[in-house]
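**Student:** Submitted below is the structure of interest, expressed as structure tokens.
Numbering (the UniProt record's numbering), first residue to last: 1 to 287.
Structural data, given as structure tokens:
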């Protein structure tokens, strides 16, 4: 876990997982990130279909947040993988931003089996009790189920992309390695030289399995993701023949620079990253 997400957080609260998921998926903010910054952006739902959905994963019902243009059919699909804090208002807003750009965007609650990520105020406990128990095998299967849901509900999964932030950034790299149907990914400050779940491989170790183009967006002042680990990944991708992936490192920029609800937000890097993200998907068949 990155230091920026751990410092100055109070002890966790005790919430009912069922009631929390039913009432807050995609709405409000995770307890660990309160209070939110005054600069927080909000995207309206005008012209959109947006809100919580349920995705079947075998016999399990996984909640998620979905946004898309109203009445849209055969839409390009973008999976949105959350930070460790789960699918709170910022992640839902990212989905709405994609929907305004013409996408069916879906953010599944990938931690729901382990607990209420949004209910914790102490990041260390959140990692130990929830995040570290959500291994790659489960997460990959949940994302596969999300793709299947999209295909059955107006999405063109022949134009499939994935993006994510921090833990979700790592998940983006990981899912591209897992699913050859993904056309492109955009990973925002996802660790590449460490995993969260015991036994899971790092992204550097999985580089040979990453065939589709991935754009990595990182901050040079991110203490949890040393720039030399990004250099290692770039070398591993190149050695494996993936010459289309790219890593962008913003100078003097911290972790979570896209998170407009947090003090780490850096507007110039965030705006540039978002423009690059949309252009990357258009360039690589996700549009």
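Backbone N, C-alpha and C define an ideal beta-carbon position, used for all residues, glycine too. Quick caveat: nothing in here was measured; it's all calculated off a predicted structure.
Is the CB-CB distance between residue 164 and residue 157 below 8 Å?
**Tutor:** Your numbering for residue 164 matches position 164 in the chain shown. Your numbering for residue 157 matches position 157 in the chain shown. No, these two residues do not count as a Cβ contact at 8 Å.
**Student:** Residues in its own chain within less than 7 Å of residue 252 by CB, not counting five upstream and five downstream?
**Tutor:** As a working note, residue 252 is residue 252 in the chain shown. Contacts found: 220 and 221.
**Student:** Give the single residue among 281, 59 and 84 whose Cα lies nearest to the Cα of residue 125.
**Tutor:** As a position in the chain shown, residue 125 is number 125, starting the count at 1. The option with the nearest alpha carbon to residue 125 is 84.
**Student:** What are the boundary residues of the alpha helix (DSSP H) that residue 168 is part of?
**Tutor:** Position 168 of the chain shown, counted from the start, is the residue given in the question as residue 168. Element bounds for residue 168: 167-178.
**Student:** Apart from the five residues just before and just after residue 192, which ones in its own chain have a Cβ nearer than 6 Å to its Cβ?
**Tutor:** In the chain shown, the residue the question calls residue 192 occupies position 192. The answer, listed in chain order, is 203, 204, 229 and 233.
**Student:** Could you have a look at residue 34 and say whether DSSP puts it in helix, strand or coil?
**Tutor:** The residue labelled residue 34 in the question sits at position 34 within the chain shown. Residue 34: coil per DSSP, three-state reduction.
**Student:** Can you tell me whether residue 2 is buried or exposed? The criterion is at least 16 other CB atoms within 10 Å of its CB, across all chains shown.
**Tutor:** Within the chain shown, residue 2 is the residue found at index 2, counting from 1. Confidence at residue 2 is low in this model, with a pLDDT of 41, below 50, so the placement of that residue should be treated as unreliable; the coordinate-derived value is given next. Buried, since its Cβ has 16 or more Cβ neighbours within 10 Å.
**Student:** Return the residue from the list 50, 266 and 170 that minimises the CA-CA distance to residue 82.
**Tutor:** For the purposes of this step, residue 82 is identified with residue 82 of the chain shown, where counting begins at 1. Nearest C-alpha to residue 82: 170.
**Student:** Thinking C-alpha only, which one of 279, 261, 283 and 179 is nearest residue 206?
**Tutor:** Mapped onto the chain shown, residue 206 falls at position 206. Residue 179 is the option with its Cα nearest to residue 206.
**Student:** With a threshold of 8 Å, are at least 3 pairs of Cβ atoms found where one atom belongs to the stretch 84-102 and the other to the stretch 57-69?
**Tutor:** The answer is yes - the stretch 57-69 touches the stretch 84-102, with three or more Cβ pairs under 8 Å.
**Student:** Let's test the definition: count the other Cβ atoms within 10 Å of the Cβ of residue 271 and tell me whether it reaches 16, buried, or not, exposed.
**Tutor:** Taking the chain shown and counting its residues from 1, the one referred to as residue 271 is at position 271. Exposed, by the Cβ-count rule.
**Student:** Taking the CB atoms as reference points, tell me whether residue 175 and residue 217 lie closer together than 8 Å.
**Tutor:** In the chain shown, the residue the question calls residue 175 occupies position 175. In the chain shown, the residue the question calls residue 217 occupies position 217. It is not a contact, given that the beta carbons lie outside the stated cut-off.
**Student:** Check whether the stretch 47-56 touches the stretch 95-102, counting contact only when three or more Cβ pairs, one atom from each stretch, lie closer than 8 Å.
**Tutor:** Result yes; three or more Cβ-Cβ pairs closer than 8 Å.
**Student:** Whole angstroms is fine: what's the gap from residue 22's alpha carbon to residue 70's?
**Tutor:** To locate residue 22, count along the chain shown from 1; it is residue 22. To locate residue 70, count along the chain shown from 1; it is residue 70. Below a pLDDT of 50, predicted positions are generally treated as unreliable, and residue 22, at 41, falls in that range; the measurement from the model is reported next regardless. Rounded to the nearest angstrom, the two C-alpha atoms are 23 Å apart.
**Student:** Are the stretch 126-146 and the stretch 257-267 touching by the rule of at least three beta carbon pairs closer than 8 Å?
**Tutor:** The stretch 126-146 is not in contact with the stretch 257-267.
**Student:** Tell me, to the nearest whole angstrom, how far the beta carbon of residue 150 is from that of residue 57; I am working on the premise that it is less than 8 Å.
**Tutor:** Taking the first residue of the chain shown as position 1, residue 150 is located at position 150. Taking the first residue of the chain shown as position 1, residue 57 is located at position 57. Actually they do not touch by this definition, with Cβ atoms about 14 Å apart.
**Student:** How would you call residue 31, buried or exposed, if buried means at least 16 neighbouring beta carbons within 10 angstroms?
**Tutor:** Residue 31 sits at position 31 when you count from the first residue of the chain shown. When all chains shown are included, residue 31 counts as buried.
**Student:** Please classify residue 256: does DSSP put it in a helix, a strand, or coil?
**Tutor:** Residue mapping note: residue 256 aligns to position 256 of the chain shown, counting from 1. Residue 256: coil per DSSP, three-state reduction.
**Student:** Taking the DSSP output, what are the residues bridged to residue 105?
**Tutor:** For this step, residue 105 is matched to residue 105 along the chain shown. Residue 105 is bridged to 67 and 78.
**Student:** Under a Cβ-count criterion, where at least 16 other Cβ atoms within 10 Å of its own Cβ denotes burial, should residue 159 be classed as buried or exposed?
**Tutor:** The residue you call residue 159 lines up with position 159 of the chain shown. Buried, because 16 or more other Cβ atoms sit within 10 Å of the Cβ of residue 159.
**Student:** Please state whether DSSP places residue 134 in a helix, a strand or coil.
**Tutor:** The residue you call residue 134 lines up with position 134 of the chain shown. Reduced to three states, the DSSP call for residue 134 is coil.
**Student:** Locate the beta strand (DSSP E) running through residue 53, then write down its first and last residues.
**Tutor:** For the purposes of this step, residue 53 is identified with residue 53 of the chain shown, where counting begins at 1. 48-57 is the extent of the beta strand (DSSP E) around residue 53.
**Student:** According to DSSP, simplified to helix, strand and coil, what is residue 21?
**Tutor:** Walking along the chain shown from the start, residue 21 turns up at place 21. For residue 21, the pLDDT reaches just 41, beneath the cut-off of 50, and the residue's location in the model is therefore unreliable, although a value from the coordinates is still provided. Three-state result, residue 21: helix.
**Student:** In the DSSP assignment, what residue or residues form a beta bridge with residue 62?
**Tutor:** By 1-based counting over the chain shown, the position of residue 62 is 62. Per DSSP, 55.
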